[in-house]
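Just below is one structure, and these are the notes that go with it.
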Amino acid sequence: MSEQTVSRPAGSSRAGSDTPARSGRAGRGPGTVVKWVLIAALLVFLLVFPLYFDEFWLRTGFAVFGAAIGAIGLNLLVGTTGQLSLAHAFFLAVGAVSYTYISGESGGLGTRAALDGLGLPPIVGMVVGVLLAGLAGLVFSPIAARLRGIYLGVASLGLVFIGVHVINTWTPVTGGFNGRAAPEFSLFGFTFGNSDPQLWVLGVPFREAERLWYLGLVLALAAYVFARNLLRSRPGRALQTLRDSEVAASVMGVNVQAYKARVFLVSSMYAGLSGVLYALSIGSIAPESFTLVVSIQYLAMIVLGGLGSVGGAALGALFVTALPLLFQQYADVLPLVSAPGQGGVSAGFAARFLYGAAIILIVLFEPAGLAGIAQRLTQRFRRGRAPARGGVATPPPEQPGSAPTPSDRPAQGSDTR
Amino acid sequence: MTQFLSLLLNGLSLGAIYALIALGFVIIFKASEVVSFTHGSLLLLGAYSIARLSEPLGFLLAVLAGLAITALAALLVERFIINRLRGAPVISLAIVTIGVDIILLTELIRRIGPDILNVPHPWGGESVRIGGIGITQNRLIAMIVAGVLIALFFVAFKYSSWGVAMRASAEDGETAALMGIRQGRVSALAWVVAGVLAGVAALFLVGSPTPGVSSAVYATALRAFPAAILGGLDSTGGALVGGLLIGLAESLAAGYQEQLLFLGRGFGEVVPYVVMIAVLLVRPSGLFGTKELTRV
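Those protein sequence lines, which keep their order, are chains A and B. Residues in the first sequence are numbered from 6 upward in steps of one, following the numbering used here. Residues in the second sequence are numbered from 93 upward in steps of one, following the numbering used here.
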């Protein structure tokens, strides 16, 4: 369920007493102010985060940002367009491997084999990595566009295994079974490493973790805004129609094949960027980082967050990525979780149990995911607050007519492009 | 030539095992419109139970118990999760089975750890030679058992009241329900049958030449997915053909590894997926799957 097609009509018809808040289409009422204050507070919190938290949290945060980008991308494909894909790990791998190859240096790997690398600036590696991932998505899309629903899910499974095989085999580029180190990121001479130039902000040394945090934050925000805008635009509506009914979509003039190809392109580019960030966050790439488990993790993220919701995908990424790391960090404090090699349930396993169970519960009881829960809470908050403000519940007669207006608008103006 | 024939025979026997798994997959899909990603871990559950129980119970009882456990697990999944989601979108159903798979697989991997559990097959690891072609006894028995089971299944599917009920509800669920066919029961039975088939497949999959029960068995089980897709998700005959094809392709690719070195070592394990994608390019609904028609 996408937030914007569903939330507006539902919000406006349910919260009937909330007339002032609804008066403008953009909603300039107190509810919106609260929303913007919350968003600003979150942003400020994220911006000053590195000043107060130590490296573990920053590294976790960077991993979450990277995963969030990937999850948003997968959500466009699965949640918005309804194309089940288990191939996300493959596209992540394309991005990560390309980055490592293009920006890495040639050199020996022990005594066994030599590694190739183009040694280009990391930003080139990142951009090309994203483009190549997109290209891979585009190449796969003719297959994808022909397959209906569940066939695609299993076919995309194949891509993951083929990808892992290639990484294992193509040693000069990927480092083979042992993997290879990913080059440090730098941007126009500013390295995202520990030294050079020494940087102090408000008395806090800005080392690799702090610098990467901001890189991840900027990229994740950009990815978030892009996806949100995409969903609100004409192509976004087309994709949602595609999910609801391909026949209806094509009758409405949506070119089904073309849109499927494009959403695959966009989604795999997101995955490529996420892969690059993953390589940066771990510092190396290896075949086991791109297995089916990873694809399933991404699927878990978007299901937990709520299919079709951009913010939900980010939330899901936070949940699935941070959980094992937190469990690991606090293994000795938490009940039931034990340090590795001590019998009990280790951190990674505990996290997997938790999100496996969460998937089942979400599908059974709350298909809209965390985003749905959040939405319901805000609705309850608004409804509970409205009478206290003195607003009498007087549903205005024009309400049924006014409710669909926002969602209808793009469709009406759609023939002028 | 001998090598080729031997690979062919071994491929067929592996294919027979894949066909058992794929058949379960297809039955579930036909009866409850679910693509069960739980199947891989169900199979591992069967293998694990047999391996663990054969110490206290003896081989034969352990096998029976293993089959019962697998079938029961499948039944529980159907009753507690799938049955409640009747009519949900196919993708949600697939995702919920992935959730079950995560939990079950994590627990099994945690229990198995890095070990390789041994299943004491009475036929051991010996090979037999048929006209100069070698095959392990385990695989030979697997082929026979799978053949018998599959034949039995097809007969039951065609003539038994359960088979008729299932075909009817796969054809048109609503009408079948109006005719007094209990959808829930049909679906539950399908899961049980699929569980048993997965259990039997597990029994042979962990025998020679495979070393035993390890978490790698899961990856092997997953290769039955391409088999089911290849033949067409809603075609029981397709599952059989798909399984055999995948088994043959894998065995041949592994056997001629030296000649295929440019594709990398261990290419045999990827071949099922390559074959699947190639077939899907030409026939998007698999070899024998019903083409989805859209009526406007």
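Even for Gly, the Cβ is constructed at its ideal location relative to N, Cα and C. Please read these numbers as outputs of a predicted model, since none were measured by experiment.
- In the DSSP assignment, A:Val325 falls within the unbroken alpha helix (DSSP H) covering Val315 to Gln334.
- Check the Cα spacing between A:Leu375 and each of A:Ala284, A:Phe70, A:Val159 and A:Gly311: the tightest is with A:Gly311.
- Per the coordinates, the alpha-carbon of B:Phe121 lies some 26 Å from the alpha-carbon of A:Val261.
- Contact residues of the segment 150-168 of chain A toward chain B are Arg151, Leu152, Arg153, Gly154, Ile155, Tyr156, Gly158, Val159, Ala160, Leu162, Gly163, Leu164, Phe166 and Ile167 (C-beta to C-beta distance below 8 Å).
- In this structure, the CA atom of A:Ala98 is about 14 Å from the CA atom of A:Ile74.
- Segment contact: the segment 316-326 of chain B against the segment 224-238 of chain B, fewer than three CB-CB distances shorter than 8 Å; contact not assigned.
- Around A:Pro372, the beta-carbon contacts reaching into chain B at under 7 Å are Ser184.
- Per DSSP, reduced to three states, the secondary structure at B:Arg221 is strand.
- The three-state secondary structure of B:Ile190, taken from DSSP, is helix.
- Using a CB distance cut-off of 7 Å, B:Gly191 counts as an interface residue toward chain A.
- Taking 4 residues as the minimum length, the alpha helix (DSSP H) runs contained wholly in the segment 243-271 of chain A are 251-256, in order along the chain.
- Contact between A:Leu224 and A:Leu282 holds, since their C-beta atoms are separated by about 7 Å, short of 8 Å.
- Excluding five sequence positions before and after B:Val366, none of the CB atoms of its chain fall closer than 6 Å to its own CB.
- For A:Trp218, the uninterrupted alpha helix (DSSP H) run begins and ends at Glu213 to Arg237, by DSSP.
- The CB of B:Val362 comes closer than 7 Å to the CB of Phe166, Ile167 and His170 in chain A, given here in chain order.
- In the DSSP assignment, B:Glu263 falls within the alpha helix (DSSP H) that extends over Ser253 to Glu263.
- Along the segment 118-204 of chain B, the alpha helix (DSSP H) occurs as fully enclosed runs of 4 or more residues at 131-149, 151-169 and 182-204, listed in sequence order.
- Against chain A, the beta carbon of B:Phe317 has neighbours under 7 Å at Val159 and Leu162, listed in chain order.
- Taking B:Leu99 as the centre and dropping the five residues before and after it, the same chain places the C-beta of Ser343, Leu344 and Gly347 closer than 7 Å to its C-beta, in chain order.
- Per DSSP, the unbroken alpha helix (DSSP H) holding A:Asn80 starts and ends at Glu60 to Asn80.
- If you look at B:Glu342, you'll find it in the alpha helix (DSSP H) that goes Thr328 to Gly347.
- Contact of A:Gly361 with chain B by beta-carbon distance below 9 Å involves Ile190, Gly191, Val192, Asp193, Ile194, Ile195, Leu196, Leu197 and Thr198.
- Listed along the chain, the chain A residues whose CB falls inside 7 Å of the CB of B:Tyr140 amount to none; the nearest CB is some 16 Å away.
- The residue from A:Leu304, A:Val132, A:Val144 and A:Pro127 with its alpha-carbon nearest to that of B:Ala186 is A:Leu304.
- CA-CA distance, B:Ser124 to A:Ala214, rounds to 49 Å.
- The residue from A:Leu120, A:Ile167 and A:Gly109 with its alpha-carbon nearest to that of A:Glu293 is A:Ile167.
- In the assembly as shown, A:Lys40 is an exposed residue. Its beta-carbon has fewer than 16 other beta-carbons within 10 Å.
- Interface with chain A (7 Å Cβ-Cβ cutoff): B:Tyr365 is included.
- For B:Gly226, the secondary structure class from DSSP, reduced to helix, strand or coil, is strand.
- For B:Ile109, DSSP assigns no beta-bridge partner whatsoever.
- Within the model, the alpha-carbon separation for A:Ile155 versus A:Asp121 is close to 39 Å.
- Secondary structure note for A:Met131: its alpha helix (DSSP H) is the uninterrupted segment Pro127 to Arg151.
- The beta carbons of B:Leu336 and B:Gly116 sit no closer together than 7 Å.
- Distance between A:Leu278 and A:Trp218, taken at the CA atoms: about 15 Å.
- Note on A:Lys265: 16 or more other CB atoms within 10 angstroms of its CB, so buried under the neighbour-count rule.
- At the C-beta level, A:Gly361 and B:Ile194 come within 7 Å of one another.
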